[in-house]
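Chemist: Numbering (the numbering used here), first residue to last: 85 to 396. Even glycine gets a Cβ: it sits at the ideal position worked out from N, Cα and C. Since the structure is predicted, the reported quantities are computational estimates derived from the model, not experimental observations.
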Amino acid sequence: MGKVILFGEAMALLIADTTGPLEEVEHFSRAMSGAEVNVSIGLSRLGHKTEYLTRLGDDPFGHYIKDSLEKNGIGTSLITFDDVYRTGIQLKNRTTDGSDPCAPYYRKGSAASRITPAEIERIDLSDVDLVHVTGIPPALSVSAREATFRLIDRAKEAGIRVTFDPNLRPALWENEETMRTVINQLSEKADLILPGIAECEILTGSRDFDHIFRFYGDKGIHTVIIKDGSRGAVVNEDGKVFTVPGFKVEKVVDTVGAGDGFAVGVISGILEGLSIEDSVRRGNAIGAIQVTHRGDNEGLPTHEELSAFMKN
Numbered sequence: 085m086g087k088v089i090l091f092g093e094a095m096a097l098l099i100a101d102t103t104g105p106l107e108e109v110e111h112f113s114r115a116m117s118g119a120e121v122n123v124s125i126g127l128s129r130l131g132h133k134t135e136y137l138t139r140l141g142d143d144p145f146g147h148y149i150k151d152s153l154e155k156n157g158i159g160t161s162l163i164t165f166d167d168v169y170r171t172g173i174q175l176k177n178r179t180t181d182g183s184d185p186c187a188p189y190y191r192k193g194s195a196a197s198r199i200t201p202a203e204i205e206r207i208d209l210s211d212v213d214l215v216h217v218t219g220i221p222p223a224l225s226v227s228a229r230e231a232t233f234r235l236i237d238r239a240k241e242a243g244i245r246v247t248f249d250p251n252l253r254p255a256l257w258e259n260e261e262t263m264r265t266v267i268n269q270l271s272e273k274a275d276l277i278l279p280g281i282a283e284c285e286i287l288t289g290s291r292d293f294d295h296i297f298r299f300y301g302d303k304g305i306h307t308v309i310i311k312d313g314s315r316g317a318v319v320n321e322d323g324k325v326f327t328v329p330g331f332k333v334e335k336v337v338d339t340v341g342a343g344d345g346f347a348v349g350v351i352s353g354i355l356e357g358l359s360i361e362d363s364v365r366r367g368n369a370i371g372a373i374q375v376t377h378r379g380d381n382e383g384l385p386t387h388e389e390l391s392a393f394m395k396n
């Protein structure tokens, strides 16, 4: 089995130990955050070989992240350290009602934003089965944006499947028009894209599924999987449109990481030879499991845990 390369920014995550506004919290628990971190951990727990591509600050948080990735079975040979720029940091408050937590981040000028296409050129892609990219790296800086395009182009040149999750972060972009243009350009290069329905409204101008599928179909994208929250997902696979219902959970604890859990399910299913429908069903299941846990990736299951959840 070949490996999966995931490209993104890993940040140190400080999670509030108590409820209330972040400015009133005195104690935090340390963890990692980053959409691609979550996906890499999920894939590793399902037995897939992963390599994480990023640049970290040569600081305590950066070394903590590298060590934590390795403890989760994730390859770190593609990680470089920067002795000038620092590792990004994210805070997250604690909620008890299932609402989206407040999660501000401090990543402007971070080490990850300094990654360049030159680093992409040095990567050996000979044993890579899939490259997963999100819309976060191209939002960090012009050089990170160029690196994102180069990674996808190199993967396509090598015949490697590319999956793309828009993961819109408007606050990181110069303006919404640039974000929309770049994300749509990257989508055109991917084999499979995983936008959320709210993201589709920004990227295509509509929440109507027919409109969205025509929009992406005109760009030559073969597989579009639209995440629709607790309702599940709507899929267009080469013109065949179908809905895969979501899974119900008793209590939502934290919604952060649900979309990343969904990506884990879809990507792992593809790697294991499942149909797109069964892969999406797995994605719905992992997303549902994840929202019942406090951390961004603590709930991501093993095969045994996933199987038990889906059977029940």
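Going by other Cβ atoms of all chains shown within 10 Å of its Cβ, with 16 needed for buried, is R315 buried or exposed?
Modeler: Locating residue 315 in the sequence shown gives position 231, where the first residue counts as 1. It counts as exposed.
Chemist: Give me, in chain order, the residues of the same chain whose beta-carbon lies closer than 8 Å to that of P222; leave out the 5 immediate sequence neighbours on both sides.
Modeler: As a first step, residue 222 must be located in the sequence shown, where it is residue number 138. For P222, where only same-chain residues beyond five positions count, the Cβ hits under 8 Å are A228, R229, T232, F233, V266, I267, L270.
Chemist: My parser needs the beta strand (DSSP E) runs of 3 or more residues fully inside the region 135 to 207; what are they?
Modeler: 163 to 166, 173 to 178
Chemist: So, R170 versus T102, is the Cβ gap smaller than 9 Å?
Modeler: If you number the sequence shown from 1, residue 170 lands on position 86. If you number the sequence shown from 1, residue 102 lands on position 18. It is not a contact, given that the beta carbons lie outside the stated cut-off.
Chemist: Taking the straight line between their C-alpha atoms, what separation do you get for E285 and R264?
Modeler: Start at 1 with the first residue of the sequence shown, and residue 285 comes out as number 201. Start at 1 with the first residue of the sequence shown, and residue 264 comes out as number 180. Between E285 and R264, the C-alpha separation is close to 11 Å.
Chemist: Count the other CB atoms, across all protein chains shown, that sit within 10 Å of the CB of H132; report buried if there are 16 or more and exposed otherwise.
Modeler: Translated into the one-based positions of the sequence shown, residue 132 becomes position 48. Answer is buried; the Cβ neighbour count reaches 16.
Chemist: What does the alpha-carbon distance come out to for the pair S113 and V318?
Modeler: Position 29 of the sequence shown, counted from the first residue, corresponds to residue 113. Position 234 of the sequence shown, counted from the first residue, corresponds to residue 318. So the alpha carbons of these two residues sit roughly 36 Å apart.
Chemist: Starting from V319, trace the beta strand (DSSP E) both ways and give me its first and last residue.
Modeler: For the purposes of this step, residue 319 is identified with residue 235 of the sequence shown, where counting begins at 1. Run containing V319: 316 to 321, per the beta strand (DSSP E) assignment.
Chemist: My assumption, with CB atoms under 8 Å, is that S161 sits in contact with S197. Please give the rounded CB distance.
Modeler: For the purposes of this step, residue 161 is taken as residue 77 along the sequence shown, with counting starting at 1. For the purposes of this step, residue 197 is taken as residue 113 along the sequence shown, with counting starting at 1. Actually they do not touch by this definition, with Cβ atoms about 21 Å apart.
Chemist: Rounded to whole angstroms, what is the Cα-Cα separation between V308 and L90?
Modeler: Here residue 308 corresponds to residue number 224 of the sequence shown, with the count starting at 1. Here residue 90 corresponds to residue number 6 of the sequence shown, with the count starting at 1. Rounded to the nearest angstrom, the two C-alpha atoms are 20 Å apart.
Chemist: Looking at the unbroken alpha helix (DSSP H) that takes in A239, where does it start and where does it end?
Modeler: Position 155 of the sequence shown, counted from the first residue, corresponds to residue 239. Segment 226 to 241, the alpha helix (DSSP H) holding A239.
Chemist: Given that a residue counts as buried once 16 or more other Cβ atoms are within 10 Å of its Cβ, and exposed if not, what is N122?
Modeler: As a working note, residue 122 is residue 38 in the sequence shown. So N122 counts as buried.
Chemist: In its own chain, which residues sit with a C-beta less than 7 Å from the C-beta of T164, not counting the 5 before and 5 after it?
Modeler: Residue mapping note: residue 164 aligns to position 80 of the sequence shown, counting from 1. Contacts found: R139, E203.
Chemist: Thinking C-alpha only, which one of K335, K311, A239 is nearest G349?
Modeler: Here residue 349 refers to the residue found at position 265 when the sequence shown is read from its first residue. For G349, the nearest C-alpha among the options comes from K311.
Chemist: Just the Cα atoms here: how many angstroms apart are G146 and D322?
Modeler: Translated into positions along the sequence shown, residue 146 becomes position 62. Translated into positions along the sequence shown, residue 322 becomes position 238. If I take the Cα positions, the gap works out to 42 Å.
Chemist: Among R129, I173, K240, Q174, which residue has its Cα nearest to the Cα of S154?
Modeler: Translated into positions along the sequence shown, residue 154 becomes position 70. As written in the sequence, residue 154 is Glu, which differs from the Ser given in the question. That would be R129, whose Cα lies nearest to the Cα of E154.
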